[in-house]
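Each remark here refers to the structure printed beneath this line.
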Amino acid sequence: MTKRNMRSKPKEIEHTSKVRVRFVETDPLGIVWHGNYIQYFEDGRENFGRHHGISYLDQKEYGFATPIIESKTKHKRPLKYGDVATVKTIFVDSSAAKMIFRYEIYNQDNELVCTGETVQVFVDNIGQGELWLTPPDFFTAWKKKVGLLDE
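In this text, residue positions in the sequence shown follow the numbering used here: the first is 1, and each later residue adds one.
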C-alpha cells in the first residue's frame, strides 16, 4: 500500500440550503452570470455557519475575521431566472489555521450545475491585525463540538 493510500480522508461536515435565482443575477442570455456563483457560495457558507455555530458573527465575537484567499469554480450547466438551486456547503477539516469549503450547486432537477472551493484564513483584530498560523482556541473548540476532533 502506498503512503498516499494510507492517509485517511479528511473529516467533513455539510449543510444544504436553497437559493432562488433573481432577475438581477442573470445576463443578457437569460442565464446566471458566472460571477454570481461566488455569491451562492457565500450564501451557502453563511447558512452553514449559522447552522453549525461558526458564523462570521460568531468569529467576530472572538476578535477574528476570515478573509478568502482562494476561490475556484467549475461550471457544468446554467441556472436561469426563477430557478431554485440547492447549495451543498461542505467544510473540509484541515490541521492548518484555515477554513476550506467545497460547494456543489444543483438545479431543481437535481442536476449538478457548479462546483467550487474557497479557502479562508484567520486574521485577528477584525482584519486589521496579524495572520494566525495556528488555529485559534475558539476554532479548535468548535471542531471538537461538531465532532471533527477527538476530545
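Beta carbons are placed, not taken as given, at the ideal position from N, Cα and C, and that holds for glycine.
Being a predicted model, the structure only gives us computed values, none of them experimental.
query, result
"For a quick check, are the C-beta atoms of S17 and V123 less than 9 Å apart?", "no"
"Could you check the C-alpha separation between D93 and D150 for me, to the nearest Å?", "13 Å"
"List the endpoints of the continuous beta strand (DSSP E) containing E12.", "12–20"
"How long is the line joining the alpha carbons of Y40 and T118, rounded to whole angstroms?", "12 Å"
"Alpha carbon to alpha carbon, what distance is there between T140 and A97?", "9 Å"
"Do you know how far the Cα of L131 is from the Cα of P67?", "10 Å"
"In chain order, what residues of the same chain lie with their CB nearer than 6 Å to the CB of P28, ignoring the 5 residues before and after it?", "none"
"When burial is assigned at 16 or more other CB atoms within 10 Å of the CB, is M1 buried or exposed?", "Confidence at M1 is low in this model, with a pLDDT of 46, below 50, so its placement is unreliable and the value that follows should be read with caution. Its Cβ having fewer than 16 others within 10 Å, M1 is exposed."
"Tell me whether K76 is buried or exposed, calling it buried when 16 or more other Cβ atoms sit within 10 Å of its Cβ.", "exposed"
"Three Cβ pairs or more, each shorter than 8 Å: is that satisfied between the region 104–118 and the region 32–47?", "yes"
"Mapping the DSSP letters down to three states, classify Y106 as helix, strand or coil.", "strand"
"Residues in the same chain with beta-carbon distance under 7 Å from K11, minus the five sequence neighbours each way, listed in chain order, please.", "D93, L148"
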